[in-house]
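A quick write-up on the structure given underneath.
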Amino acid sequence: MQLSKKKIAGLLSAATCSLLGSAAQADDNPWDVDSAILYYSETDRVMAIEPVISATKDLGDDASVSMKLVLDSLTGASASGAVPSTMVQTFTTPSGNSSYQVNPNETPLDDSFLDTRLSYSMNWETPIDRNNRRNLGFNVSREYDFFSLSGNALWDHDTNQKNTTYSYGINVELDAIDPVGGAPRPLTAMLAQDKMSGSESRDIVDLLFGITQVIDKSSLFQVNLSLSEASGYMTDPYKFVSVVGITGEPTSQLFESRPDSRSRQSLFGKYKKMFANKDIFTVSYRYMTDDWGIDSNTFDFTYRFNMKEGYFIEPHLRLYDQAAADFYRYFLSDSEPVPQFASADYRLGELEAATVGVKFGQQITEQHGWSARLEQYLQSGDGAPDVAFGQLTQQDLYPDVEALIVQLNYSFKW
Amino acid sequence: MKAGYYWLVVCAVLIASGCSSLGVKPWERNLLAREDMLMDADALDLAFDEHIYFSKEASSGGQGFAGGGCGCN
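Protein sequences, first through last, are from chains A and B. Just so we're aligned: the first sequence equals residues 26 to 439 in our numbering. Just so we're aligned: the second sequence equals residues 113 to 185 in our numbering.
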């Protein structure tokens with residue numbers, strides 16, 4: 026009995042010393058702080074400014090905690106989905122209280138787009154044993170008409186002398202959508218302003234299985250398989266589908282309608298290779314497919330030239346293409362029955378996109394560094410589809426989206 | 113769509129089974145340990161990109177989870 030008391034006292038004092046040691050060690054470790062501001066501007070459309078601050082603290086014994094705060098301020102106009110007309114068109118704003126007009130032969134844009142998003146996330150990584158780590162996190166995000174809460178867990182398992190890491194993750198997200206003026210009843214006329222009461226919701230569950238593999242002293246690759254199941258309100262409450270008559274002129278605008286579930290699968294691969302012990306080539310590819318009929322391919326390339334005195338320059342190229350959703354329609358004809366689902370949201374259409382940019386920066390000391398990124402994004406689709414008739418053949422039914430992306434980063438220890 | 117899904121699984125299994133013969137010794141990791149060689153290097157850039165493309169295109173996730181915590185569909 027005496028011996029076991031002594032044993033317990035010994036264990037307790039060892040544990041206390043260990044905790045105090047960890048705490049003292051953690052106190053010695055500064056916070057690694059990354060801060061950045063993003064400026065995103067589309068020609069004649071959306072403009073966003075997004076400052077971010079992220080901080081990570083090494084708690085000792087391979088444990089760490091990290092936090093991130095994002096503020097996102099959006100203004101400008103967004104394509105409503107309606108087709109252009111040879112006549113002036115009048116649209117009701119989402120609140121239903123006012124209206125705006127669109128000039129002849131111009132793409133209808135909803136210029137009442139204004140939102141601020143605040144997002145906070147936190148992650149905690151701890152070792153389970155020598156070859157296993159767990160990472161637990163949550164994210165909460167708030168916009169004027171949207172609230173999101175998510176929690177995630179990731180388990181990393183090292184094997185093959187830590188040359189191979191298997192990752193298993195799950196993320197559960199709960200969203201509440203509270204559209205301005207209420208959620209419209211799908212495929213009802215804009216003029217009817219038939220809105221549903223209460224807020225809408227959707228749930229998303231993501232599963233991720235990944236492998237990271239060291240190839241040799243200077244290269245490694247990663248492959249992830251992701252499955253995502255979403256259910257609930259997936260419709261964009263602010264988007265229209267035009268119904269056109271025999272001349273191609275719109276006769277009415279309907280609120281769009283999307284299925285209330287979506288299953289996505291993606292395969293992601295990334296390869297990094299260092300050349301001449303300093304320059305780094307990175308390439309990644311993602312294939313995504315879903316039960317809405319959307320298949321997409323994303324290629325991403327960067328080459329980082331590391332130069333003297335910590336300077337680096339990194340050109341970037343991203344290429345993207347996607348097939349249209351099964352229910353994507355440029356417009357509906359008034360001679361056909363209204364389908365169950367229809368959306369003219371350009372983001373669900375067949376499109377190609379390219380991003381070209383360059384990043385330049387300097388790691389001044391181990392304590393701090395800075396960088397600046399400048400990129401141009403161009404998205405295009407088929408603006409003169411075969412389905413167009415009448416006046417629609419004279420219109421651009423899928424105008425290009427061009428955006429300028431400027432980003433400044435500063436990192437320091439605190 | 114189903115064919116695409118089966119291809120994803122087949123690729124993942126093939127890659128997983130081919131990994132065991134690759135790798136380096138612990139003392140050969142000096143280049144791989146550099147911050148700019150991490151798979152999630154430039155994490156803020158990746159997060160910005162994910163947010164931008166999530167709101168302009170119909171795909172998201174891949175390297176991380178697909179959910180966006182964003183109302184921009």
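Think of the CB as a built atom: it goes at the ideal place given N, C-alpha and C, for glycine as much as any other residue. Note that the coordinates shown come from a computational prediction; the quantities given were computed from them, not determined experimentally.
Can you check which of these residues, the options, is closest to residue i by C-alpha distance?
i	options	result
Ser282(A)	Phe337(A), Ala367(A), Gln347(A)	Ala367(A)
Ser251(A)	Ser192(A), Gln290(A), Asp304(A)	Gln290(A)
Ser396(A)	Asp181(A), Lys264(A), Pro340(A)	Pro340(A)
Val412(A)	Gly318(A), Gln387(A), Gly273(A)	Gly273(A)
Ser175(A)	Lys187(A), Asn185(A), Asp183(A), Asn196(A)	Asn196(A)
Asp83(A)	Asp407(A), Thr260(A), Thr151(A), Asp59(A)	Thr151(A)
Phe116(A)	Ser358(A), Pro275(A), Tyr310(A)	Pro275(A)
Lys135(B)	Asp140(A), Arg142(A), Asp183(A)	Looking at the sequence provided, one finds Gly at residue 135(B) rather than Lys. Here the closest residue by C-alpha is Asp183(A).
Ser171(B)	Gly106(A), Thr390(A), Leu376(A), Thr418(A)	Leu376(A)
Gly206(A)	Asn185(A), Tyr169(A), Gln186(A)	Tyr169(A)
Asp59(A)	Lys264(A), Thr81(A), Met72(A), Asp53(A)	Thr81(A)
Using a Cβ cut-off of 7 Å (strictly closer), state whether residue i contacts chain A.
i	result
Leu158(B)	no
Asp152(B)	no
Met113(B)	For Met113(B), the predicted structure reports a pLDDT of 49, less than 50, and the residue's modelled location is therefore unreliable. A value from the coordinates is still provided. Chain A, which has a Cβ nearer than 7 Å to the Cβ of Met113(B), makes this yes.
Ala170(B)	yes
Phe177(B)	yes
Glu162(B)	no
Cα separation between residue i and residue j?
i	j	result
Gly173(B)	Pro204(A)	25 Å
Ser120(A)	Gln218(A)	9 Å
Glu131(A)	Ser110(A)	7 Å
Leu179(A)	Tyr312(A)	22 Å
Ile78(A)	Leu199(A)	24 Å
Lys128(A)	Lys220(A)	The amino acid occupying residue 128(A) in the given sequence is Asn; Lys does not appear at that position. Between Asn128(A) and Lys220(A), the C-alpha separation is close to 27 Å.
Phe356(A)	Tyr336(A)	51 Å
Gly140(B)	Ser243(A)	Reading off the sequence shown, one finds Glu at residue 140(B), where the question assumed Gly. Going from the Cα of Glu140(B) to the Cα of Ser243(A) covers about 9 Å.
Pro424(A)	Tyr345(A)	17 Å
Ser226(A)	Pro284(A)	14 Å
Arg70(A)	Trp317(A)	27 Å
Asp241(A)	Gln387(A)	27 Å
Leu399(A)	Ala428(A)	11 Å
Pro138(B)	Thr189(A)	12 Å
Ala114(A)	Gln126(A)	At residue 114(A) the sequence reads Gln, which differs from the Ala that was named. Going by the C-alpha atoms only, they are around 6 Å apart.
Pro362(A)	Ile319(A)	24 Å
Glu334(A)	Ile389(A)	7 Å
Report yes or no: is there a C-beta of chain B within less than 7 Å of the C-beta of residue i?
i	result
Ala49(A)	Its pLDDT being 47, under 50, Ala49(A) is placed unreliably in this model, and the value from its coordinates should be taken loosely. So, not an interface residue.
Gln401(A)	no
Gln392(A)	no
Ala367(A)	no
Ser282(A)	no
Gly223(A)	no
Ile62(A)	no
Phe293(A)	yes
Going along chain C, which residues have a C-beta under 8 Å from residue i?
i	result
Glu140(B)	The structure shown has no chain C; the protein chains it does contain are A and B.
Three or more beta-carbon pairs under 8 Å between the region 149-162 of chain A and the region 201-213 of chain A, yes or no?
No contact exists between the region 149-162 of chain A and the region 201-213 of chain A.
Any 3 or more C-beta pairs closer than 8 Å across the region 420-432 of chain A and the region 62-77 of chain A:
Yes: at least three Cβ pairs fall under 8 Å.
Counting pairs of beta carbons, one from the region 261-273 of chain A and one from the region 236-243 of chain A, are three or more of them closer than 8 Å?
no
Quick one: which unbroken beta strand (DSSP E) runs of 3-plus residues sit fully inside the region 278-338 of chain A? Chain order, please.
Secondary structure remark: continuous beta strand (DSSP E) runs of at least 3 residues inside the region 278-338 of chain A, in chain order: 286-300, 304-315, 320-331.
How do the region 321-337 of chain A and the region 350-365 of chain A stand: do at least 3 beta-carbon pairs fall below 8 Å, yes or no?
No contact exists between the region 321-337 of chain A and the region 350-365 of chain A.
Quick one: which unbroken beta strand (DSSP E) runs of 3-plus residues sit fully inside the region 114-163 of chain A? Chain order, please.
DSSP runs (the beta strand (DSSP E)) wholly in the region 114-163 of chain A: 114-117, 124-127, 134-154.
Evaluate contact between the region 297-306 of chain A and the region 380-399 of chain A, counting only Cβ atoms and requiring at least three cross-stretch pairs below 8 Å.
no
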